[in-house]
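To convert, take the position in the sequence shown, counting from 1, and add 903; that gives the working numbering. Here the structure comes first, spelled out in structure tokens, and everything after it is commentary.
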Amino acid sequence: MHSPMRSYEETLRVWRVFESFVEENKVRQLGLANCYDQKTFLRLYEDSHIKPKVLQNRFYSQSGFDSELRDLCDAYGVTYQSFWTLSANREAIKSHEWKAMALNKNLLHKLSCMPT
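Right, here's the structure in full:
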């Protein structure tokens, strides 16, 4: 699911349709993206018959790097998949720590390809 709907009721209604796709062997697993509210994610997890396997969110400081949601995912066995991990954190990429890590992992050439 690209994101929660405007209301929780709508979100659950859409999720039920997606669950039917798993039951009909049309898809293997379900996931959710752009869900930054821990209560919404937990409620959907608890109410769903087929649990989300993945939560995909932007990874940036304004969301606190989703620390609480990542903890929740870890506790429930849900894979947290970040996006915008590098492009939303351009200042971090310029830091000494990032450069040292990239050098240590032989990735400095890839780090230098990131647009500034």
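Positions of the beta carbon are idealized from the N, C-alpha and C atoms, including for glycine.
Using the beta-carbon count (16 or more within 10 Å), is residue i buried or exposed?
| i | result |
| --- | --- |
| Asp969 | buried |
| Leu1006 | exposed |
| Val981 | buried |
| Asn960 | buried |
| Leu1010 | exposed |
| Phe944 | buried |
| Phe924 | exposed |
Which residues share a DSSP beta bridge with residue i?
| i | result |
| --- | --- |
| Arg961 | Phe986 |
| Gly934 | Val957 |
On a Cα-Cα basis, can you pick out the residue from the options that is closest to residue i?
| i | options | result |
| --- | --- | --- |
| Leu975 | Arg946, Met904, Lys997 | Arg946 |
| Gly967 | Ile953, Val981, Ser985 | Ser985 |
| Phe962 | Asp950, Ala936, Tyr979 | Ala936 |
| Asp1092 | Lys997, Lys956, Ser910 | The first residue shown for the chain is 904 and the last is 1019, placing residue 1092 beyond what the model contains. |
| Lys942 | Asn960, Leu1010, Glu971 | Glu971 |
| Arg916 | Asp950, Gln965, Glu926, Lys929 | Asp950 |
| Ser906 | Val925, Leu933, Ser923, Tyr979 | Leu933 |
| Ile953 | Glu927, Tyr983, Ser910, Asp940 | Glu927 |
Along the alpha helix (DSSP H) that carries residue i, what are the first and last residues, could you check?
| i | result |
| --- | --- |
| Arg924 | Reading off the sequence, residue 924 comes out as Phe, not Arg. That run of the alpha helix (DSSP H) goes 911-926. |
| Asp974 | 970-979 |
| Leu945 | 941-950 |
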